[in-house]
Amino acid sequence: MRVFREQTAVAAVSELRTRLDAILHQLGKTSVLIEKHNKPVAVLVDPAEFERMQEAIENASDVILAFEARRRELSHKKGGYLPLDEAENRAL
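Sequential numbering from 19 applies to the sequence shown in our numbering.
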């Protein structure tokens, strides 16, 4: 396993079989890029870091959806929406 930059270590798939404990120990310090035939196939990250990444993605998605909702609201004329019950009646 070699450290690539300060935040990522690189390990071959074959090292997973022989050095799993060392690779898992490295997760406390950096993420680990797993390669097979010198091509990236997976990334291992600390569970707490994974949770932070998931939260960041969710927050970014919420912001994007809010901007899109606001853009649509501003692009439609006032009164251009149908009430839900009227839309349901038209659908039937």
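Built from N, CA and C at the ideal position, the CB exists for glycine as well.
Given the structure is predicted, the values throughout are model-derived calculations rather than measurements.
Asked: Would alanine 30 and glutamate 67 be called neighbours here (beta carbons separated by less than 7 Å)?; Found: no
Asked: Hey, how far is the Cα of isoleucine 41 from the Cα of threonine 26?; Found: 11 Å
Asked: Pull up the CB-CB distance for serine 49 and valine 61, whole angstroms please, since I reckon it's below 8 Å.; Found: 6 Å
Asked: Could you pull the DSSP bridge partners for alanine 66 from this structure?; Found: DSSP output for alanine 66 lists no bridge partner at all.
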